[in-house]
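Colleague: Here the sequence shown is numbered in the UniProt record's numbering, starting from 1 and rising by one per residue. Each residue gets a CB set at the ideal place from its N, CA and C atoms; glycine is no exception.
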Amino acid sequence: MKCSGVILCVVVLVALLAAANGVGQRRCFQCRSRGSRGGCKDSFSHNMTQLLAGGVRGVRAEPCASGWCGKIIEGDTGVNDYDTATERMCMQRPPSDLQERCDLTMYGQYRKVYLCMCQGDLCNGAGRTPASAAAVTAAALLSLTAAALLS
1 MKCSGVILCV VVLVALLAAA NGVGQRRCFQ CRSRGSRGGC KDSFSHNMTQ LLAGGVRGVR
61 AEPCASGWCG KIIEGDTGVN DYDTATERMC MQRPPSDLQE RCDLTMYGQY RKVYLCMCQG
121 DLCNGAGRTP ASAAAVTAAA LLSLTAAALL S
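1. Nearest CA to the CA of Ala65: which residue from Gln119, Gly125, Leu115 and Gln99?
2. Over what stretch of residues does the beta strand (DSSP E) that includes Gln119 continue unbroken?
3. Please say whether Cys69 and Arg88 have beta carbons closer to each other than 9 angstroms?
4. Just to confirm the assignment, what range does the alpha helix (DSSP H) spanning Met91 have?
5. With a 10 Å radius around its C-beta and 16 neighbouring C-beta atoms as the bar for buried, classify Leu98 as buried or exposed.
6. State the CB to CB distance for the pair Arg60 and Gln25, rounded to an integer number of angstroms; the pair is presumed to be in contact (CB under 8 angstroms).
7. Return the CA-CA distance between Thr129 and Gln92, expressed in angstroms with no decimal places.
8. Closer than 8 angstroms to a non-hydrogen atom of the ligand ZN - does that hold for the CB of Gly75?
9. Report all residues from its chain with a CB closer than 7 angstroms to the CB of Glu62; omit the five preceding and five following residues, and keep chain order.
10. Leaving out five residues on either side along the sequence, give the residues of the same chain with a beta carbon under 7 angstroms from the beta carbon of Met117.
11. I'd like the span of the alpha helix (DSSP H) that includes Gln25, first residue to last.
Shown next, in the form of structure tokens:
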């Protein structure tokens, strides 16, 4: 009986942590800026804490039905990047091969852009988000429970 109580506690804790962390929620950063003054450009260092505090102007985290986010860089990057525009958005549909990638492509009829496509919650930020605290905690609890059951 004691063993099943521990398992039940672990299952409930994992469910609560997953719900609190928004597991399964797919959002993308949405913004557009031009040149060095915009908040959308690389290096993009914004996170949800900053957005919720209202400290980031022109950048939003929007729900994304497809689960695929994109980043478009239009124009030449370099020392004088006044003509460089960066846009982060939710993609209406995933790429046909369902592969994450970055590549030069034609956007519209005449504009050559650098497009990055990724799948995951807020994946079109600066880089991949490390494992969430909830996932790490859940894995640790499951490991401890398994060790206790096997000993």
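Modeller: Taking the definition as stated:
1. Gln119
2. Arg111 to Gln119
3. yes
4. Neither: Met91 is in no alpha helix (DSSP H) and is coded neither H nor E.
5. Exposed, by the Cβ-count rule.
6. That pair is no contact at about 15 angstroms.
7. Because the pLDDT at Thr129 is just 43, under 50, the model does not fix this residue reliably, and the value given afterwards should be weighed accordingly. Answer to the nearest angstrom: the Cα atoms are 22 angstroms apart.
8. Among the components modelled here there is no ligand, and therefore nothing to report on the ligand ZN.
9. Arg27, Cys28, Gln30 and Cys90
10. Trp68, Gly70, Met91, Pro95, Glu100 and Arg101
11. Careful: Gln25 lies outside any alpha helix (DSSP H) and carries neither H nor E.
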